[in-house]
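A.B. asks: Sending over a structure as structure tokens; questions will come in a sec.
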Amino acid sequence: MFNLKKRLTDPGYWLYAALIYLLFSVGLLVVTFLDAKAAELTPVKANTQCGTLNHGNGLIENLYDENQDGTPDRFTLTGLDRTSQPRQHPLFYGQDENQDGEWTVWIDRKEDGINGNEEIYQQ
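Taken in order, the sequence shown gives residues 1 to 123; the numbers are from UniProt numbering.
Below, the structure is given as structure tokens:
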């Protein structure tokens, strides 16, 4: 049977509770750091798509012109499933911040949308 009084006086219980608290605190710090890092990559603005290319290798490339100057400044690469339908979220995101033709590319290995777990793939 569960004995609360015995449990609260057991030093092992408090050590375990302190360890859980420490792990939770470290987890919050990691999430905060990842959120700050992900601030560089923001979701694509609505109604800025300027092209779509099917590469025939299982990836569809969508181009976006967010500043409406006629040159794409962002792209996404989205995988196709076996029925040739695009997956819900892209695998790669790219952004040409100063439009010099040099793209910064992020990979979203979990393909779960822009939420902070993207990693720089190429810069």
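Just so you know, even glycine gets a beta-carbon here, dropped at the ideal spot from N, CA and C.
1) Could you say if the region 103-121 and the region 52-68 meet the contact criterion of at least three C-beta pairs nearer than 8 Å?
2) Which residues in the same chain as D81 place their Cβ atom closer than 8 Å to its Cβ, once the five residues preceding and following it in sequence are excluded?
3) Residues in its own chain within less than 7 Å of Q99 by CB, not counting five upstream and five downstream?
4) Use the C-beta contact count for E40: other C-beta atoms within 10 angstroms, 16 or more gives buried, fewer gives exposed.
5) Alpha carbon to alpha carbon, how far is P43 from G116? Give it in angstroms, no decimals.
6) My guess is that T76 and Y93 are in contact by the Cβ rule of under 8 Å, so how many angstroms apart are they, rounded?
7) Quick one: what's I114 bridged to in DSSP?
C.D. replies: With the structure as the only source:
1) By the Cβ test, the region 103-121 is not in contact with the region 52-68, since fewer than three Cβ pairs between them sit closer than 8 Å.
2) R87
3) T71, D73
4) exposed
5) 11 Å
6) 6 Å
7) Answer by DSSP bridge pairing: none, since I114 is not bridged.
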